[in-house]
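FYI, in mature numbering (1 follows the signal peptide of the UniProt record, and there is no 0) the residues of the sequence shown are -27 to -1, 1 to 75.
Glycine included, every Cβ here is placed at the ideal spot set by N, Cα and C.
Predicted, not measured: the structure shown is a model, and the values here were computed from it.
Working notes, beginning with the structure itself.
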Amino acid sequence: MRLSKVLILTACSFILTTSISSGGVSAATIQPNTSTSVSDVVTPMLESKTFSVVHYYPVGFGVPKYLTDYKTPDGYVGTLVLVSYHTVDGIVAARYEGTVYR
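Structure follows, in structure tokens:
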């Protein structure tokens, strides 16, 4: 009696496992992109690179922690974060780094 229960449970677990795994295989087939959102289509095609820039501010002016929507000369856009600054003769040299996208 005990052996038959083990065999039945094993068979049920095998059937359940194969039905789940075969469902996963069918869901993994490639489907055409039918999204109506432009960002779903465009986002995978973005190019990215790391970028670093130095900005100069007078002492007391205030140095921002972020440069949002920063545009590089070659057309990339992104947010840069303040990573270091140095003060010399009343001028603050602030270095920003981040990832920009095109």
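Only residues of its own chain outside the window of five on either side were considered, and among them Ala66 have a CB closer than 6 Å to the CB of histidine 59, listed in chain order. The alpha-carbon separation between valine 32 and leucine 53 amounts to approximately 21 Å.
For proline 46, there is no enclosing beta strand (DSSP E), since its DSSP letter is neither H nor E.
The beta carbon of glycine 48 is closer than 8 Å to those of Arg75 in its chain, skipping five residues each way along the sequence. Taking 7 Å as the cut-off, the beta carbon of threonine 72 is found closer than this to the beta carbon of serine 21.
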